[in-house]
Amino acid sequence: MAEINALTAASAEEVEQIRIKYLSKKGAIPAMMNDFRSVPAEQKREVGQKLNELKTLANERLAALRDTLASQAEAAQADIDLTRTATPLPLGTRHPLSLVKNEIFRIFGSMGFTIAEGPEIEDDWHVFSSLNFPPDHPARDMQDTFFISRSPQDILLRTHTSSVQTRTMETQKPPIRIICPGRVYRNEAISARAHCFFHQVEGLYIDRNVSFADLKQCLLYFAREMFGPDTRIRLRPSYFPFTEPSAEMDISCHICGGKGCPFCKGTGWVEILGCGMVDPNVLEACGIDSKEYTGYAFGMGIERITNLKYRVKDLRMFSENDVRFLHQFDAAH
Ligand code: PHE
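Counted from 1, the sequence shown has number 56 at position 57 by my numbering; the numbering is strictly sequential.
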C-alpha cells in the first residue's frame, strides 16, 4: 500500500505505465486476485478485503496523478509572457486648485505664515457673531448660507474660513501669523461664474504695532510672486464687518499689462481679494486686548486666482473631474 501511495508521474505516459503495471489484466493487482483461489478458506475473508482495498487505493492514486498533471498544464498556459509589452500606467497630474494652493502656501510660508485648519460645519458664533456681523446682516440669510439646523443654535456650513481665524484667536496668544485654507459653501445657483462651494485661503497677522502698511507690503509681495514681478496692486476702500478700514485689492491685468482688454473689461485691473485691519470688536470677542494688539486680515478665493493664472473661464470645470481638462496642468508647475 505504501508503494502505491508513493507513486509519482511526470507525464500522461507515465500514468498509463502505472495503470498497466498495477491494474491492467496482466497487472499486479489482478494477478493477486487470480491467486485468490489458492488462499486457505479461513483466510479468504481477510485477504479478500485487503485486495479490494488495494484496488480502490490504486484507482484513487491514478485519478489523483491525472488531476495534478491537468492543473499543472493549466498553470503553464496562464504563465506570464515576458515578451509582452508592459501595460502603460497613466500618471495623474495635480489638480489646478492644488497647484495654486501650494503656491500660495509657499509664498506666505516664506513670510512666516503657518497653516491653520478648522471644521467645515460651524456654529453661528465662529462664522458670524464673533466677526462683528450684526444680527440682521444679509450674509446670515438663508439665501447665502446653508443652515444645517436652526435650533437650539444655528449650525451651518461655513461661508468663509474666517471662522478658523476666530478659533485660532480664541486659543492662541499673539503673535499670530496664520493662513487658513479650506472649502467654503454659499447658497448660489451654479453657473460659469458662481458655485455653491469653492476654496479660500484667508490670512491673519496679529502682533503689537501691525499697520496697514505691513498689510500692503505683504500683499504686494504675494501678488508679484504669484503673477510676476511687474505686477502692480491697488487697494480700493470697501466694507467687511470684521475689518476696519477694509479694502479690496486689484492687480494690474497680467493679460494686457494694464492697458485694458476684454478680460479686465477695459479697466486694466482685476480684483483678487478682500482685506483690512482686524476690527477691535473682533479682537475683544476672541479675548485679545485691542489696546495692546492690532492685526490685519485678508481672504481670497483659490478658484479666482486659478482662473486668472490659467485663464479658466468656467468655474464648473474645477469640480467636473474631466481628465482632458485636468491633464492640461503640468505637475511640474
Ligand atoms: N471673509 C471674507 C470673504 O469671505 C474675505 C476677507 C477676509 C475680507 C479677511 C477681509 C479680511 O469674502
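Cβ atoms here follow ideal geometry from the backbone N, Cα and C, with glycine treated the same way. On a predicted model such as this, the values are computed, not experimentally measured, just so you know.
Reference residue i, options the options, closest by Cα
| i | options | result |
| --- | --- | --- |
| Y21 | N58, Q48, E12, F35 | N58 |
| V209 | P89, P174, G273, K43 | P174 |
| L234 | F127, C195, M276 | M276 |
| R192 | M31, K312, I19 | K312 |
| K24 | K54, I304, L6 | K54 |
| I147 | L156, S161, R139 | L156 |
| Q71 | T158, G26, A11, E187 | A11 |
| P180 | S37, Y309, P39, G117 | G117 |
| D153 | S128, R323, E45 | S128 |
| G300 | G202, S289, A74 | G202 |
| G257 | E247, W124, S37, R231 | R231 |
| A5 | S37, R44, E102, L56 | L56 |
| L214 | G273, D229, T160 | G273 |
| D288 | M168, A85, A75 | M168 |
heavy atom of ligand 1 below 7 Å from residue i C-beta
| i | result |
| --- | --- |
| G298 | yes |
| S245 | yes |
| G273 | yes |
| T242 | yes |
| E121 | no |
| S161 | yes |
| E187 | no |
| F107 | no |
| F239 | yes |
| Q199 | yes |
Cβ-based neighbour list, residue i, same chain, cut-off 6 Å, excluding 5 preceding and 5 following
| i | result |
| --- | --- |
| Y204 | R176, G294, Y295 |
| E41 | none |
| F342 | The first residue shown for the chain is 0 and the last is 332, placing residue 342 beyond what the model contains. |
Burial state of residue i, where buried means 16 or more other Cβ atoms lie within 10 Å
| i | result |
| --- | --- |
| N320 | exposed |
| M0 | exposed |
| H136 | exposed |
| F112 | buried |
| K100 | buried |
| C195 | exposed |
| G286 | exposed |
| G227 | exposed |
| I304 | buried |
| Y238 | exposed |
| F197 | buried |
| I189 | exposed |
| V322 | exposed |
| P95 | buried |
| A8 | buried |
| L81 | exposed |
| I79 | exposed |
| H326 | exposed |
| F328 | buried |
| T337 | Outside the shown range of the chain, which is 0 to 332, sits residue 337, and nothing can be said about it. |
Cβ-based neighbour list, residue i, same chain, cut-off 7 Å, excluding 5 preceding and 5 following
| i | result |
| --- | --- |
| V269 | D249, I250, C252, C263, L307 |
| H332 | Interpretation of H332 is limited by its pLDDT of 43, a score under 50 that renders its predicted location unreliable; the figure taken from the coordinates is listed afterwards. Within the same chain, H332 has close Cβ partners L98. |
| T170 | none |
| T143 | The sequence shown places Asp at residue 143, not Thr. Closer than 7 Å at the Cβ level, and outside the excluded window around D143, lie P137, T158, R185, N186. |
| G259 | G265, T266, G267 |
| R182 | E119, F196, H198 |
| R166 | G117, H125 |
Neighbourhood of residue i by C-beta distance below 8 Å, restricted to the same chain and skipping five residues each side
| i | result |
| --- | --- |
| N131 | P240, F241, D278, N280, V281, A284 |
| F211 | P244, M276, Y295 |
| Y292 | P173, I205, D206, R207, V209, L282 |
| P29 | L22, S23 |
| E121 | I154, L155, L156, R157, S162 |
| G298 | H159, T160, S161, Q199, V200, E201, G202, L272, G273, C274 |
Contact between the stretch 11-27 and the stretch 54-69: three or more CB pairs below 8 Å? yes
Check whether the stretch 86-93 and the stretch 43-54 touch, using three or more Cβ-Cβ pairs below 8 Å as the test. no
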